Amino acid sequence: MEESKDQKIWQVVLSIPKGKVASYGQVAKMAGLGRQARYIGRALGKLPAGHQIPWYRVLRSNGQIAFPEGSEQFEKQKTKLEQEGVKVERGRVKLNVHQWRP
DNA sequence: AGCATGACTGACC
DNA sequence: GGGTCAGCCATGC
Numbered sequence: 851m852e853e854s855k856d857q858k859i860w861q862v863v864l865s866i867p868k869g870k871v872a873s874y875g876q877v878a879k880m881a882g883l884g885r886q887a888r889y890i891g892r893a894l895g896k897l898p899a900g901h902q903i904p905w906y907r908v909l910r911s912n913g914q915i916a917f918p919e920g921s922e923q924f925e926k927q928k929t930k931l932e933q934e935g936v937k938v939e940r941g942r943v944k945l946n947v948h949q950w951r952p
């Protein structure tokens, strides 16, 4: 059921090149979910332990991180992104530079 | 079955 | 270009 959707989502996220990012809506569309962008976040929350899904490469449509600035999740994502060369300033990244365009 | 919730988005200002 | 508002949709209680 939703399992396959989740798998598909994870696969799409996995296909995002290192150093690039994508929006939830973009992932949703590529996974064939269309407008269920919100489902992406839900699916990423279901990530199994020991995964290697680069969930941190997924941001909002405006390039902003989906977590409140200062939260643990936020900091973690920020760190991960910067490790790949993606600068995060004021909780957002420059889409015109890092957004993934297939 | 109905209503609130959320890792969202597009339209507007 | 960034903040605000209303709409969408599956999930969970």
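In my numbering, the protein residues as written are 851 to 952.
Glycine included, every Cβ here is placed at the ideal spot set by N, Cα and C.
All values reported here derive from a predicted model rather than from experimental measurement.
- The three-state reading of DSSP puts Gln-886 in coil, since its state is none of H, G, I, E or B.
- Counting the other Cβ atoms within 10 Å of the Cβ of Ser-854 gives fewer than 16, which makes it exposed.
- Counting only runs that start and end inside the segment 863 to 920, the alpha helix (DSSP H) elements of at least 4 residues fall at 874 to 880, 887 to 895.
- The beta-bridge partner set that DSSP reports for Glu-939 consists of Arg-942.
- By alpha-carbon distance to Gln-861, the top candidate from Leu-894, Lys-930, Leu-931 is Leu-894.
- Burial is judged here by how many other beta carbons sit within 10 angstroms of a residue's own beta carbon; Leu-883 has at least 16 and is buried.
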